[in-house]
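Colleague: All letters in the sequence shown, in the order written, are residues 1 to 320 by full-length UniProt numbering.
Where a beta carbon is used, it is the ideal one built from N, C-alpha and C, also for glycine.
Model, not experiment: these values are computed from the prediction.
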Amino acid sequence: MAVINQAAAKLRAQLFESDELIVCPGVQDGLSARVCLQQGFKNLYMTGAGTAISLLGMPDLGLTTPTDMIRQASMLSSLDRSVPLIADIDTGFGGPVMVSRSVESYILGGVAGLHLEDQVVTKRCGHLGGKELVDTPTFVSRIRAAKEARDRLQSDLVIIARTDALQSLGFDEAISRLQAAIAAGADAVFLEGVKDRAQMKQFTETMAPTPCLINLVPGGLTPLINAKEAKELGYRIAIWPCFAMTHAYLAYQKAARELMETGAVTAGFTERQRAKEGDDVKEEQGQESGGIRELFELCGLSECVEFDKRMGGQTFSKGV
């Protein structure tokens with residue numbers, strides 16, 4: 001049975017038929033994905049850390065279940081089937097049978113690419129300390145299981161092998177693990193926690209011509225670089241997993257503090273309405289919320305109403 005996934009085919013073409021950097025903003029929920037789609041990003045990345053934080057309110061310590069991750073990845077993929085989503089699949093959640101089952105679920109959910117790592121099942125964020133790793137044969141068995149699921153479904157899924165071995169085992173061992181993963185069927189590679197630009201360049205040159213991914217986390221182990229630098233250093237994919245989560249946290253904190261201290265929230269929608277009504281209030285583009293209806297429109301309100309009408313439905317005939 002062939003699973004037709006245009007987004008996966010598009011991602012594979014981006015990776016192997018172009019030399020452009022694949023820029024992936026991290027999305028952790030439907031709203032963050034809708035905003036990135038609105039801004040015109042051609043690819044998205046589902047962050048495992050962001051999923052743990054947004055879905056569970058918990059840290060990235062291997063606490064998300066396969067059900068959590070599959071549901072989130074499938075939902076994000078469904079928002080725009082033409083935009084490839086690369087998703088974190090952590091360790092695959094078990095042995096080869098479980099890895100194959102999880103990868104199959106990602107494929108059926110519409111995921112275009114995923115990265116699979118060599119930490120133990122009770123993993124943690126790659127930018128935390130104390131990470132424990134499985135041995136190379138176990139890591140390779142995960143990649144083989146992922147490839148088996150892809151081949152069985154005749155999918156274009158892009159498999160990215162990730163290693164966290166750099167901090168504890170060193171550069172050469174990390175490279176050895178990734179080379180073994182490529183031999184087992186990985187399409188691209190991801191060395192977590194690179195420490196400086198010299199090591200970034202060393203990595204991409206060592207792994208050439210295999211496409212390389214860089215993970216850019218504010219406050220993490222890897223120095224932050226921009227998209228232009230990433231391409232110049234030889235990377236083909238750059239992900240910013242938590243690029244807006246701190247901003248979202250601070251915005252929630254500000255509004256919550258105001259509500260707690262004053263019993264009201266006056267920023268955002270109120271200021272925009274005053275501006276529309278002609279008061280001398282200057283609205284900075286992108287700084288103020290337009291209220292709940294604007295959020296509904298961002299998430300497809302008009303499209304839903306129009307679809308219902310075209311299908312002959314009466315659900316919204318009296319307006320919304």
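1) Within its chain, find whatever has a CB closer than 6 Å to the CB of residue 329; leave out the 5 residues flanking it on each side and keep chain order.
2) Suppose contacts are defined by Cβ-Cβ distances below 7 Å. Is Ala165 in contact with Val99 by that definition?
3) Cα-Cα, which of Pro25, Val120 and Gly94 is closest to Ile86?
4) Between which residues of its own chain and Ala256 is the CB-CB distance below 8 Å, once the five residues before and five after are set aside?
5) To the nearest angstrom, how far is it from the Cα of Gly48 to the Cα of Trp240?
6) Ignore the nearest five residues each way along the sequence and tell me which others in Gln72's own chain have a CB closer than 7 Å to its CB.
7) Terminal residues of the continuous beta strand (DSSP E) containing Ala188?
8) For His46, name the three-state secondary structure that DSSP assigns.
9) Among Gly92, Val265, Leu44 and Met245, which has the Cα closest to the Cα of Ser77?
10) Kindly list the residues whose CB is nearer than 6 Å to the CB of Ala2, restricted to its own chain and excluding five residues on each side of it in sequence; keep chain order.
11) Between which two residues does the alpha helix (DSSP H) holding Cys125 run?
12) What ranges does the alpha helix (DSSP H) occupy inside the region 80-147, keeping only unbroken runs of at least 4 residues that lie completely in it?
13) What residue range is occupied by the uninterrupted beta strand (DSSP E) comprising Thr67?
14) When you compare only the Cα positions, how much space is there between Lys123 and Met69?
15) Taking the alpha carbon of Gly57 as the reference point, which residue from Ile143, Met245, Val305 and Phe307 has its own alpha carbon closest?
16) Going by CA-CA distance only, name the one from Gln119, Gly291, Val121 and Ser102 that's closest to Gly113.
17) Tell me which same chain residues have a C-beta within less than 7 Å of the C-beta of Ser74, skipping the five on either side of it?
18) What is the rounded straight-line gap between the Cα of Gly62 and the Cα of Leu15?
19) Quick one, which of Val121, Pro84, Gln253 and His127 has its alpha-carbon nearest Lys195's?
20) With a CB to CB cut of under 7 Å and the five nearest residues on each side skipped, what residues in its chain are close to Asp308?
21) In or out: Glu306 buried (at least 16 other Cβ within 10 Å) or exposed?
22) What would DSSP say about Thr163, mapped onto helix, strand or coil?
Modeller: In brief:
1) No answer is possible for residue 329: the residues shown for the chain start at 1 and end at 320.
2) no
3) Pro25
4) none
5) 12 Å
6) These residues qualify, in order along the chain: Met46, Thr51 and Leu55.
7) Ala188 to Leu191
8) Note on residue identity: the sequence assigns Met, not His, to residue 46. Secondary structure of Met46 (DSSP, three-state): strand.
9) Leu44
10) Gln154
11) Neither: Cys125 is in no alpha helix (DSSP H) and is coded neither H nor E.
12) Annotation: the region 80-147 contains the following complete segments of the alpha helix (DSSP H) (minimum length 4 residues), in chain order: 96-108.
13) Going by DSSP, Thr67 is part of no beta strand (DSSP E) but of the alpha helix (DSSP H) stretching over Pro66 to Ser78.
14) 14 Å
15) Closest option to Gly57, Cα to Cα, is Met245.
16) Ser102
17) A distance below 7 Å between beta-carbons, with the five flanking residues on each side excluded, links Ser74 to the following residues of its chain, in chain order: Gly109 and Gly110.
18) Going by the C-alpha atoms only, they are around 29 Å apart.
19) His127
20) Thr315 and Phe316
21) By the neighbour-count rule (16 or more Cβ atoms within 10 Å), Glu306 is not buried but exposed.
22) Here Thr163 sits in strand by DSSP.
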